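In this note's numbering, the protein residues as written are 7 to 116.
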Amino acid sequence: MLSARGLSRHHTEPLLFRLLWKCGVRVRPPHFLGFAQIAGVYGTGFACAWGVFMWVLVWSQQGLDFKGVALRTAGAGAAFGLMMAWFYTRERREFALPAWESFSQEERTG
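What follows is the structure, encoded as structure tokens:
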């Protein structure tokens with residue numbers, strides 16, 4: 007249904023969600039999540055990856071303490087999560103997507 011409305015597969019099934027689905031996590035596609043859910047999923051995923059990346063390459067050599075690492079990581083994760091939530095919420099409205107509950111169980115599982 008999403009591809010029929012002009013959205014590509016990589017856009018409707020982003021890497022983070024494909025990884026979650028492969029790990030057995032049952033989460034709706036991002037266009038069908040609420041604002042807070044999108045912000046939480048993307049913010050947490052980004053914060054974990056970016057925090058580790060920055061720790062290995064920069065912060066460990068700067069001697070940054072745990073509090074500084076946690077604050078920077080949480081801030082970056084929150085900012086990224088909010089941006090992605092805004093993006094998907096805007097697209098849900100732009101493409102006039104129906105509520106997830108309107109799909110039958112067969113349509114949900116593909």
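For each residue, glycine too, the CB sits at the ideal point set by N, CA and C. Nothing here was measured: the structure is a model prediction, and the numbers come from that model.
Kindly indicate which three-state DSSP category Cys54 falls into: helix, strand or coil?
The residue labelled residue 54 in the question sits at position 48 within the sequence shown. Three-state DSSP puts Cys54 in a helix.
On the CB-based measure, 16 or more other CB atoms within 10 Å of its CB, does Phe38 come out buried or exposed?
Here residue 38 refers to the residue found at position 32 of the sequence shown. Looking at its Cβ environment, which holds 16 or more other Cβ atoms inside 10 Å, Phe38 is buried.
Can you list, in chain order, the residues of its chain whose CB lies under 8 Å from that of Arg15, leaving out five sequence neighbours each side?
As a first step, residue 15 is located in the sequence shown; it is residue number 9 there, counting from the start. Within the same chain, Arg15 has close Cβ partners Ser9.
With a 10 Å radius around its C-beta and 16 neighbouring C-beta atoms as the bar for buried, classify Met90 as buried or exposed.
Here residue 90 refers to the residue found at position 84 when the sequence shown is read from its first residue. Counting Cβ neighbours within 10 Å, Met90 comes out buried, since at least 16 surround it.
Would Val47 be called buried (16 or more neighbouring beta carbons within 10 Å of its own) or exposed?
Here residue 47 is taken as the residue at index 41 of the sequence shown, counted from 1. It is buried - the Cβ of Val47 has at least 16 other Cβ atoms within 10 Å.
Suppose contacts are defined by Cβ-Cβ distances below 8 Å. Is Pro36 in contact with Phe52 by that definition?
The count along the sequence shown starts at 1 and reaches residue 36 at position 30. The count along the sequence shown starts at 1 and reaches residue 52 at position 46. Contact flag unset, no.
Rank Ser108, Glu97, Trp92 and Cys54 by C-alpha distance to the C-alpha of Gln43 and give the top, closest one.
Along the sequence shown, one-based indexing puts residue 43 at 37. The shortest Cα separation from Gln43 among Ser108, Glu97, Trp92 and Cys54 belongs to Trp92.
Cβ atoms of Phe86 and Arg11: under 8 Å apart, would you say?
Position 5 of the sequence shown, counting from 1, holds the residue named residue 11. Position 80 of the sequence shown, counting from 1, holds the residue named residue 86. Going by C-beta atoms, Arg11 is not nearer than 8 Å to Phe86.
Taking all protein chains shown into account, decide if Ala45 is buried (16 or more other Cβ within 10 angstroms of its Cβ) or exposed.
Taking the sequence shown and counting its residues from 1, one reaches residue 45 at position 39. Buried, since its Cβ has 16 or more Cβ neighbours within 10 Å.
Can you say whether Gly49 is buried or exposed, counting buried as having 16 or more other CB atoms within 10 angstroms of its CB?
Start at 1 with the first residue of the sequence shown, and residue 49 comes out as number 43. Classification of Gly49: buried, given that the 10 Å Cβ count is 16 or more.
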